[in-house]
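Chemist:
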Amino acid sequence: MSLHAEATGTAPGGSARASADEPPACCPYYHEAVELIGRRWTGAIVAVLMDGGSMRFSEISHAVPELSDRLLSERMKELEARGVVTRHVEAGPPVKVVYELTDMGRSLEPALQALKSWAREWLRDHDQPRARSL
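Under this note's numbering, the sequence shown has 53 at position 53, and the numbering climbs by one with no breaks.
Listed below in structure tokens is the structure:
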């Protein structure tokens, strides 16, 4: 079953397409998920939090070294607004801010593991062209 059919509950040839001449539409849920997690550095941030648990901003920043603090802050706000990450402020001198994945964020683990496996198989030798089968 296609990703669109799975998300919309329609079977191939069902009411999801207006006519046989139209190409299948991209599932809006799939598209939204890819846009959210596929934004620059977002997948790396989620993966770091998946492996590291609760982390401070500086710990996330060190775990993804090429990521600027400005962009990390922007991505953390986006992930928090979408419910993927939660932000906890612990009082006291100094104030401590900790980020962690929500249940929604942790539920991404199978998808991230599948993507990691795919990347290891298909991208690890990216400097050497793969043989194409025709």
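Using N, Cα and C, we set each Cβ at its ideal position, and we do this for glycine too. These numbers were taken from a predicted model, which means no experiment stands behind them.
Check whether the stretch 67-86 and the stretch 110-126 touch, using three or more Cβ-Cβ pairs below 8 Å as the test.
Modeler: These segments do not touch.
Chemist: Can you have a look at methionine 76 and say buried or exposed, based on whether 16 or more other CB atoms are within 10 angstroms of its CB?
Modeler: Walking along the sequence shown from the start, residue 76 turns up at place 76. With 16 or more Cβ atoms within 10 Å of its Cβ, methionine 76 is classed as buried.
Chemist: Do you know how far the Cα of glycine 38 is from the Cα of serine 54?
Modeler: Locating residue 54 in the sequence shown gives position 54, where the first residue counts as 1. Locating residue 38 in the sequence shown gives position 38, where the first residue counts as 1. Computed Cα separation, rounded: 22 Å.
Chemist: Pull the bridge partners of methionine 55 from the DSSP assignment, please.
Modeler: To locate residue 55, count along the sequence shown from 1; it is residue 55. Beta-bridge pairing links methionine 55 to Tyr99.
Chemist: Give the DSSP-derived three-state secondary structure of valine 34 in the structure shown.
Modeler: Counting from one through the sequence shown, the residue named residue 34 turns up at place 34. In the structure shown, valine 34 sits in a helix (DSSP, three-state: H, G or I).
Chemist: Quick check: the Cα distance between proline 65 and arginine 56, rounded to an integer number of angstroms?
Modeler: Walking along the sequence shown from the start, residue 65 turns up at place 65. Walking along the sequence shown from the start, residue 56 turns up at place 56. Taking the straight line joining both Cα atoms gives about 14 Å.
Chemist: Hey, would you say methionine 115 sits closer than 8 Å to methionine 50, going by beta carbons?
Modeler: Working through the sequence shown from its first residue, we reach residue 115 at position 115. Working through the sequence shown from its first residue, we reach residue 50 at position 50. First, the residue type needs correcting, since residue 115 is leucine and not methionine in the sequence shown. No; because the gap between Cβ atoms is not below 8 Å, this pair is not in contact.
Chemist: In the DSSP output, what is threonine 86 paired with across the bridge?
Modeler: On the sequence shown, residue 86 is found 86 positions in, with the first residue counted as 1. The partner list for threonine 86 (beta bridge, DSSP) reads Glu100.
Chemist: In this structure, does DSSP put tryptophan 122 in helix, strand or coil?
Modeler: The residue given as residue 122 occupies position 122 in the sequence shown. Correct three-state label for tryptophan 122: helix.
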